[in-house]
Structures are given as structure tokens and as C-alpha cells.
Amino acid sequence: MMRGFVIALVGLGLATGCASPVRMAVAPGPHASCRATEAVSPDVPVAWIRPVEDGERRALDARCAQVGRPILPTPTQDSPRAQRVLVATWNMHDGRGDVLSLVDALRRGAPDRPAPDAVVVLLQEVVRSLPSARAATTASIETDSTGVQDIPSIVSRLGWHLAYLPGKRNRLRPDGAMAADRGVAILSSLPLTDLEAIELPIERQRRVALSGVVHGTSADGRAWRLRVVSVHLENRSGARRFWARAGASRTRQAEALIGALALSPTAGTSAALPALVGGDFNVWLGPREEALRLLRDAFGTFPSEDTRPTMQNAWRLDYLFPRLPGTVQTTHRRLDALFGSDHYPVVATLDVGTN
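Here the sequence shown is numbered in the working numbering, starting from 37 and rising by one per residue.
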């Protein structure tokens, strides 16, 4: 009897966990049940990319209704001079990381390296405080008594470009006195355009990725563009994939992410642009994870990588995946300070050349 029960469970796991890749498509307009997809500004269009399957969409919409609207950058026609560009990815540990200290360290550069001309930071577990879970993007605090930082208030002091995409409601106050949402963001000293909000296949939580294009002018006066993507994959599989295989949820989400980025609805040719995809990928199995293999195959790796753990518990969960032309010279390293988080920042420096 018990043997038959175990066989049935394994069969159920194989049926639910080894499904075909989730198909993604550009949404024709805002989702009626979710304010987060409404246009914040007609001057800053955002393309929404989400699963095609109705069940996935219904589950995503139910969770999307609990969060506020995205934060979008102010439009600008500037194209600053920037030859040496630093791109970092960093998980803020549920909003507790000190983003201003990190930005200050990135702008200074390393003792053995010159300071960059521009800085872009891909952030995960970003917290935005709200008067209510469905409020607009006005923040009321900078840092609460638990050390959680409200990203709009903090970043407003920098004067940088910020795009923020909420994924889920956050537990900033156990009693509900202060609502908040949490998601991913792109923080940039360079102009940020061509935004794409990607809803990943549903697992335990609603997970999102945010894509945008930064641009500048090289030292010899030639324009360049770089696509940057901030990602946070599922930490643990949902019950429906528990019996299948470890990492199945992240495999589905990685497949969907790769498919979504190939659509490139806002930037026209952005699918072919040089790109850096970064984030916390939660690949607890390391090189054995199928999600990691898929992302490396799709976007590549750096010629020389700092392979040290990116989390305090000795796991390497945070990555930058480059799709760059040979004319772009790169370095890759992990910083040695946590800046109040439980994740170390991972940094790539690019000499952009031309593209």
C-alpha cells in the first residue's frame, strides 16, 4: 500500500513538474483587476509581458491586486558622456540594505581601479512603503524602526533615475499599520528608457523581472545603448512541484524570462542589444541547476568571474549574465562588504566602446 502511494506521488510530481515551457506574450493593455499595470505616465510607456495560459494569469492577477503602481523614471533626452560603466546587482534583504552607502562605494571605484563614469544598480527585495496596499507611489518614511528603507524616499536624494516594479505585498508591519510592497528595481545615473515589466510563471509568490535600456555617449562621441534586467527567481518550489525535482520552479521561470526578453516589444531592436541580466536567482544547487545552465546558454558568462559566495551562508545565488560584443571590455567581481544586507553586491565594469 505504502509503495503504491509513493509511486503515485512520484508520478504526480513528474506530471506537474516536467511541463513544457510557459509561453509568454505581450499584454494588449492594463489588467482590469490590477492597478499595478495601469499607466503611471503617458510619457513613459511600459510593456507588460506575461504568461499566455489563463490559469497562470488569474493567479498572477489575484496577487497583483495587492500591490501599488510601479515607479517610473522621468523622461529625458540627455545622453551623458560615459565610457566606463559599472553595473551591479544586489539583494537588499527585504529593504534592510543601505543603498546609499553602496552607491557611494560604487561611485568611488576600487583603490586599484579608476572611478566609473556611470553606475547602474539592479536591485531585488526593494521595499516601498504605502499608506495602503493599493495607494499611489507617495512614500511616508525613509527608514523604519526595523531598519527597512523606503526606496523612493532614499533614492530621491540621489537625483538618479529609478524604475521600480512591485511583485508582492510586504510584511513591513505585522499588525498592518503600515502597508508596503516589495519588488525589483533599476537605479541608474544614466537615462533609463524602453521599460518592460515581466510577470514570471506563478509559484509560491508573484515574481517579476524589470527590463530597461540605459544609454550614453562614448569618449569619442558615439552613442551606445545597453539593456539591463533585474530578476528575482523563486526561492522554493510550490506544492505542485515539490515532488518533481529541486529547482523545477526556477527552471520554468528562467525559460519564461528568456522567452519574454526575446519579444522586446518596446525597444524594437532591443532583443539584439548588448545586455546584462542580473539578480538573485536562488540557485541553491549551484552548477547542477537547470535554470543556471539555461541562462548561461542564453546570455553567456564573463571571461573571468569572481566565483566566491554571494550570500552570508556561503551560497552563490547572485549572478550577472552578459550578452556583449567583443568590443566591450569587462571585469567581474564580488564586493567584500554587505552594506547591511545578507547578500554581497556583484559588480561588472564595462568599457562600452561602440555597438
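Note that the Cβ used here is the ideal one computed from N, Cα and C, for glycine as well. Predicted model, so just to flag it, every value in this text is computed and none were measured.
Own chain residues within Cβ distance below 7 Å of residue i, not counting five before or after
i: W351; result: W320 and P345
i: D114; result: P227
i: L236; result: R243, V244, A245, Q289, A292 and L293
i: P111; result: D79 and V80
i: S77; result: L108
Chain-order list of residues whose beta-carbon lies under 6 Å from that of residue i (same chain, five-residue window excluded)
i: S225; result: A154, V155 and W196
i: A95; result: I238
i: A255; result: Q119
i: D130; result: E161
i: S247; result: E232 and V265
i: R263; result: V249, S306, L309 and A311
i: Q241; result: K204
i: V163; result: G131, V184, N206, A216 and R218
i: Q365; result: D387
Residue interval of the alpha helix (DSSP H) (run including residue i)
i: R332; result: E326 to F335
i: G362; result: G362 -> no alpha helix (DSSP H), and no H or E assigned at all.
i: P188; result: I187 to S192
i: R272; result: Per DSSP, R272 belongs to no alpha helix (DSSP H) and is neither H nor E.
i: L262; result: Per DSSP, L262 belongs to no alpha helix (DSSP H); it is in the beta strand (DSSP E), A259 to H268.
i: G295; result: A284 to L299
Status (buried if at least 16 other CB within 10 Å, exposed otherwise) for residue i
i: S137; result: exposed
i: D90; result: exposed
i: I290; result: Reading off the sequence shown, one finds Ala at residue 290, where the question assumed Ile. The residue in question, A290, is buried, as its Cβ has 16 or more Cβ neighbours within 10 Å.
i: G322; result: exposed
i: Q185; result: buried
i: D217; result: buried
i: D148; result: exposed
i: T73; result: buried
i: R261; result: buried
i: S56; result: exposed
i: D333; result: exposed
i: P202; result: buried
i: D354; result: buried
i: S340; result: exposed
i: P109; result: buried
i: P188; result: buried
N-terminal and C-terminal residue of the beta strand (DSSP E) that residue i is part of
i: D387; result: V382 to D387
i: L235; result: In the sequence as presented, Leu is not what sits at residue 235; that position holds Glu. Per DSSP, E235 belongs to the beta strand (DSSP E) from L228 to E235.
i: T253; result: V244 to T253
i: G91; result: Taken as a continuous stretch (DSSP letters only), G91 belongs to no beta strand (DSSP E), being part of the alpha helix (DSSP H) at D90 to C100.
i: M60; result: M60 to V62
i: R205; result: H197 to N206
i: I85; result: V82 to P87
i: A215; result: A215 to S224
i: D342; result: Counting along the chain, D342 falls outside any beta strand (DSSP E), and DSSP gives it neither H nor E.
i: A72; result: Unbroken run through A72: none, as it is neither H nor E.
i: A350; result: Looking at the DSSP string, A350 is not in any beta strand (DSSP E), and its letter there is neither H nor E.
i: D316; result: A311 to D316
Closest residue to residue i among the options (Cα-Cα distance)
i: M60; options: A146, T367, I85 and I222; result: I85
i: L223; options: A199, A233, V388 and V88; result: A199
i: P87; options: L108, I294 and D387; result: I294
i: D378; options: Q348, D387 and V364; result: Q348
i: P150; options: S165, P358 and T367; result: T367
i: V191; options: L231, Q241 and V139; result: V139
i: T363; options: V244, F317 and P310; result: P310
i: G219; options: G104, V121, P147 and Y355; result: G104
i: D342; options: P111, V383, A83 and P106; result: V383
i: I107; options: T229, P64, A124 and R144; result: T229
i: G283; options: A298, E325 and L299; result: E325
i: R369; options: S285, A101, T110 and T337; result: T337
i: P116; options: L159, A83 and G252; result: G252
i: R401; options: L371, S340 and V313; result: What is shown of the chain runs 37 to 391, which leaves residue 401 out entirely.
i: L166; options: V157, P78, L159 and N206; result: N206
i: A101; options: C70, L122 and V121; result: C70
i: V402; options: A296, L331, I187 and D372; result: Absent from the structure is residue 402, since the part of the chain shown begins at 37 and ends at 391.
i: M128; options: A373, T385 and V388; result: A373
i: F335; options: L356, R93, I187 and L159; result: L356
i: L269; options: S300, A327 and A221; result: A327
i: R329; options: R286, L371 and S300; result: R286
i: D387; options: V123, A98, A83 and V58; result: V123
i: N271; options: F317, E92 and S300; result: F317
i: L159; options: Q365, I234 and V267; result: V267
i: A83; options: P64, G315, R193 and A98; result: P64
i: A221; options: V58, E92, V157 and Q365; result: V157
i: L371; options: G315, R193 and A146; result: A146
i: I234; options: R193, L194 and S300; result: S300
i: T385; options: R99, A98 and V121; result: V121
Proximal residues to residue i (C-beta, below 8 Å), its chain only, five neighbours per side dropped
i: F393; result: In the structure as shown, the chain begins at 37 and stops at 391. Residue 393 is therefore absent and cannot be evaluated.
i: R144; result: A151
i: E92; result: V58, R86, P237 and I238
Interface flag, residue i vs chain C, CB-CB below 8 Å
i: G145; result: Absence of chain C from the displayed structure is noted, only one protein chain being present.
- Task: Taking only runs that begin and end inside the stretch 116-157, name each unbroken beta strand (DSSP E) of 3 or more residues, in chain order.
- Result: Considered as a whole, the stretch 116-157 harbours 120-127 as its complete beta strand (DSSP E) runs of no fewer than 3 residues, in chain order.
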